[in-house]
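Mapped onto UniProt numbering, the consecutive letters of the sequence shown carry residue numbers 1 to 469. Following: one structure in structure tokens, then a few remarks.
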Amino acid sequence: MCQDPNSRSITSKYVLSNILSIKQVNLFTDVKPRVRWYKDGTLLGDSKDPGTLLPPRVQMHANFSIQINEIRESDTAAYTCEVIRPEPWGPIRQTHSVEVQYPPTVMTIPDDGFLEVKKGEFVDIGCETTGFPPPVVEWRKDGEVMEILEHRSRIRFKASHRMQAGAYECIANNGVGSPVAASIRVIIQDAPVVIAQRTFVHTAPGLRAALLADVQFAVPPARTAWYRDGRPVNTDDRVLSIAQGSTYQLIFRSIRTTDLGNYTFRAENKLGMADVSYKLTGVPNIASFKVDPALNKASPTGFTLVWEVDSYSTIIEYYLWIRQYYGRPATDEPDPLTTDPSTSIWSKIVVPGDSSEGPIHNALYVVRGLTPSTVYEALVASRNRFGWSKLSAVLHFATEPGVGNTPSVVDYSDISPILEDIETEPQNISQAQIFGIYDFVDNNNCKRSCISQTLFVTALLLLYFKLYV
Numbered sequence: 001m002c003q004d005p006n007s008r009s010i011t012s013k014y015v016l017s018n019i020l021s022i023k024q025v026n027l028f029t030d031v032k033p034r035v036r037w038y039k040d041g042t043l044l045g046d047s048k049d050p051g052t053l054l055p056p057r058v059q060m061h062a063n064f065s066i067q068i069n070e071i072r073e074s075d076t077a078a079y080t081c082e083v084i085r086p087e088p089w090g091p092i093r094q095t096h097s098v099e100v101q102y103p104p105t106v107m108t109i110p111d112d113g114f115l116e117v118k119k120g121e122f123v124d125i126g127c128e129t130t131g132f133p134p135p136v137v138e139w140r141k142d143g144e145v146m147e148i149l150e151h152r153s154r155i156r157f158k159a160s161h162r163m164q165a166g167a168y169e170c171i172a173n174n175g176v177g178s179p180v181a182a183s184i185r186v187i188i189q190d191a192p193v194v195i196a197q198r199t200f201v202h203t204a205p206g207l208r209a210a211l212l213a214d215v216q217f218a219v220p221p222a223r224t225a226w227y228r229d230g231r232p233v234n235t236d237d238r239v240l241s242i243a244q245g246s247t248y249q250l251i252f253r254s255i256r257t258t259d260l261g262n263y264t265f266r267a268e269n270k271l272g273m274a275d276v277s278y279k280l281t282g283v284p285n286i287a288s289f290k291v292d293p294a295l296n297k298a299s300p301t302g303f304t305l306v307w308e309v310d311s312y313s314t315i316i317e318y319y320l321w322i323r324q325y326y327g328r329p330a331t332d333e334p335d336p337l338t339t340d341p342s343t344s345i346w347s348k349i350v351v352p353g354d355s356s357e358g359p360i361h362n363a364l365y366v367v368r369g370l371t372p373s374t375v376y377e378a379l380v381a382s383r384n385r386f387g388w389s390k391l392s393a394v395l396h397f398a399t400e401p402g403v404g405n406t407p408s409v410v411d412y413s414d415i416s417p418i419l420e421d422i423e424t425e426p427q428n429i430s431q432a433q434i435f436g437i438y439d440f441v442d443n444n445n446c447k448r449s450c451i452s453q454t455l456f457v458t459a460l461l462l463l464y465f466k467l468y469v
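In structure tokens form, the structure reads like this:
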């Protein structure tokens with residue numbers, strides 16, 4: 001108040017919040033001389049000058065106090081009342097600091113809330129805020145709080161991966177009213193991403209078959225096409241190319257032998273392309289060992305193996321591989337302690353096929369001549385008129401202890417047959433790869449045979465020289 005004749009300047013402070021409920025502010029002075037009011041140094045009203053025009057929301061009362069109605073953000077200011085006194089006294093001034101608190105507002109940068117950049121470019125987004133006290137800004141991405149070292153209204157980063165795209169939301173809060181939020185959609189352009197659930201498709205002439213591809217990502221949108229051996233696939237009423245959303249299909253209504261082969265689905269945009277390769281084939285599917293105590297009969301020197309395979313054609317034969325399992329990768333190098341050749345080499349067994357047309361084929365084989373109390377592993381491949389299948393998963397099984405043969409270190413008698421995949425993800429296997437394993441086994445057998453023959457010939461030569469020379 002402007003009422004202390006001994007003070008030339010007095011300052012007071014008013015903090016006003018919740019502008020919806022406060023309708024006016026009264027600033028008082030108790031003296032009766034001429035009084036002037038200033039807002040931030042600009043004359044607001046003069047008690048001795050009727051021509052002074054106060055703003056419509058500001059009223060000066062008879063006691064020279066002023067009243068501000070309908071408080072607004074712009075009313076934040078320093079209000080000074082000046083009491084003009086006759087000579088020799090000078091004027092007395094009192095300043096009232098008014099701070100109006102109001103809820104935050106947010107405006108996005110860019111203002112349309114959308115930003116699209118190429119991979120490798122920089123993302124620069126932000127939120128312009130107003131409010132008093134100054135709001136604190138928090139960021140979220142796709143609903144999850146972003147771990148940022150400090151509160152900031154603007155963030156900038158390099159678009160190094162398509163997963164950085166998404167909905168970025170800034171939330172402003174200053175404790176007055178409710179927090180407010182604004183969202184910015186960030187799109188990162190990148191090469192397409194394509195996945196396929198099955199790339200090895202087993203079929204047979206006369207059946208229906210389909211190759212499926214899912215374009216998980218493509219910004220900008222990708223051009224798509226199906227190829228066979230590098231040439232576009234010709235479609236007609238029998239071979240159809242269908243797109244539904246992000247799923248693309250190449251459908252064969254009735255397979256012909258000439259349809260079998262290698263296919264490629266390609267998605268391409270200006271930033272790159274993605275290819276997925278398929279094999280449409282008549283060779284059998286991967287065989288699967290059956291693990292069932294009622295079927296897998298074990299003895300000290302034998303074990304019953306049972307497996308199943310899908311094939312629309314008759315199975316001509318199976319190749320079954322058996323070897324001892326030592327819990328580590330086997331090699332054909334000599335043992336460093338005994339210098340003996342490794343005993344963990346695959347042994348191939350040819351198992352005849354059946355006369356069934358399928359599509360389900362079952363096979364049973366009793367492996368004999370095994371060692372008691374020993375763990376083995378097995379693989380199987382199938383062949384029909386179209387060729388060899390891919391290798392099965394590895395089956396681990398154990399023989400029972402023989403009479404008087406008790407394991408000295410580990411008891412394998414309680415080990416149940418266990419299937420273990422030999423590869424993390426499916427891949428095509430060619431007939432050459434199958435025979436590569438056969439050659440490996442045959443070459444090792446040849447090594448043993450050749451060594452034996454060499455020793456035999458050497459012994460004959462020594463005997464000859466001893467008797468006749």
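For glycine and all other residues, C-beta sits at the position ideal for the given N, C-alpha and C.
Are the C-beta atoms of residue i and some chain D residue less than 8 Å apart?
| i | result |
| --- | --- |
| E268 | Included in the structure is just one protein chain, with no chain D present. |
For the putative contact between residue i and residue j, defined by C-beta atoms under 8 Å, what is the C-beta separation to the nearest angstrom?
| i | j | result |
| --- | --- | --- |
| V180 | P104 | 5 Å |
| F289 | L395 | 4 Å |
| V145 | C127 | The Cβ separation is near 16 Å, so there is no contact. |
| A182 | T108 | 5 Å |
| I125 | I71 | Not quite, the Cβ-Cβ distance comes to about 34 Å (not below 8 Å), so this is no contact. |
Which value, in whole angstroms, describes the spacing of the CA atoms of residue i and residue j?
| i | j | result |
| --- | --- | --- |
| P220 | G261 | 31 Å |
| A398 | L212 | 41 Å |
| L391 | H151 | 57 Å |
| I345 | W321 | 9 Å |
| V136 | V117 | 28 Å |
| G113 | S241 | 38 Å |
| F64 | K48 | 11 Å |
| W388 | R228 | 22 Å |
| R238 | H161 | 41 Å |
| A222 | D111 | 29 Å |
| K23 | E73 | Per-residue confidence for K23 stands at a pLDDT of 37, beneath the threshold of 50, marking its modelled position as unreliable; the derived number appears in the next sentence. Near 13 Å, if we compare the C-alpha coordinates of E73 and K23. |
| R93 | P86 | 14 Å |
| D414 | V375 | Low per-residue confidence applies at D414: pLDDT is 43, beneath 50, and the placement is therefore not dependable, though the value from the model is reported in the following sentence. Using only the alpha carbons, I get a separation of about 11 Å. |
| Y358 | N296 | Reading off the sequence, residue 358 comes out as Gly, not Tyr. Distance between the alpha carbons of G358 and N296 is about 23 Å. |
| T224 | K119 | 21 Å |
| C170 | I84 | 52 Å |
| Q324 | V366 | 16 Å |
Apart from the five residues on each side of it in sequence, which residues of its chain come closer than 7 Å, Cβ to Cβ, to residue i?
| i | result |
| --- | --- |
| V350 | E317, Y319 |
| A191 | N269, L271, G272, M273, A274 |
| A204 | I255, G282, Y312, S313 |
| D142 | G166, A167 |
| T235 | S241 |
| K39 | A77, Y79 |
Using only alpha-carbon positions, find the residue among the options that is nearest to residue i.
| i | options | result |
| --- | --- | --- |
| residue 477 | T301, V276, G113 | Since the displayed the chain opens at 1 and closes at 469, residue 477 lies outside it and no answer follows. |
| P352 | A381, K390, L149 | A381 |
| I66 | L364, N173, P56 | P56 |
| R156 | T130, A196, V186 | V186 |
| T301 | N285, W346, S373, L280 | S373 |
| G90 | N69, V98, E144, R34 | R34 |
| V123 | I68, L280, R154, P232 | R154 |
| N173 | D259, Q101, T258 | Q101 |
| G175 | V215, Q189, I184, T130 | T130 |
| G206 | T258, Y263, A222, E70 | T258 |
| L115 | V239, C170, I188, E377 | I188 |
| Y278 | T42, A210, P86 | A210 |
| residue 513 | Y263, Q94, G177, E87 | Residue coverage of the chain in this structure runs from 1 to 469, which leaves residue 513 outside it and unanswerable. |
| S347 | D354, A378, G358 | A378 |
| T163 | A218, C170, A196, P88 | Here the sequence assigns Met to residue 163, which means Thr is not the residue at that position. The shortest C-alpha separation from M163 is found at A218. |
| S355 | A196, I68, I315, M60 | I315 |
Could you name the residues of the same chain whose beta carbon sits closer than 8 Å to that of residue i, not counting the 5 residues immediately before and after it, in chain order?
| i | result |
| --- | --- |
| R368 | T301, G302 |
| R208 | I251, F252, R253, S254, I255 |
| D292 | V306 |
| H202 | T281, G282, V283, P284, N285, D310, S311, Y312 |
| E121 | K158, A159 |
| V194 | A213, D214, V215, Q216, F265, A267, A274, D275, V276 |
| S299 | T399, E400 |
| S178 | P103 |
| I148 | W139, I155 |
Return the chain-ordered list of same chain residues with a C-beta closer than 6 Å to the C-beta of residue i, the five sequence neighbours on each side being excluded.
| i | result |
| --- | --- |
| W37 | L44, G45, I66, C81 |
| N362 | E308 |
| V233 | W226 |
| residue 489 | This structure cannot speak to residue 489, because the chain is shown only from 1 to 469. |
| R385 | S313 |
| L364 | V306 |
Can you check the region 233-310 for any beta strand (DSSP E) of at least 3 residues that lies completely inside it and give the ranges in chain order?
-> The beta strand (DSSP E) runs of length 3 or more contained entirely in the region 233-310 are, from start to end of the chain, 239-244, 247-252, 261-269, 272-281, 302-310.
Whole beta strand (DSSP E) elements within the UniProt domain "Ig-like" (104-183), 3-residue minimum | If you keep only unbroken beta strand (DSSP E) runs of at least 3 residues inside the UniProt domain "Ig-like" (104-183), you get 114-118, 122-132, 136-141, 154-158, 166-173.
At 4 residues or longer, and completely inside the region 50-108: list those alpha helix (DSSP H) runs for me, N to C.
-> The region 50-108 contains no whole alpha helix (DSSP H) run of 4 or more residues.
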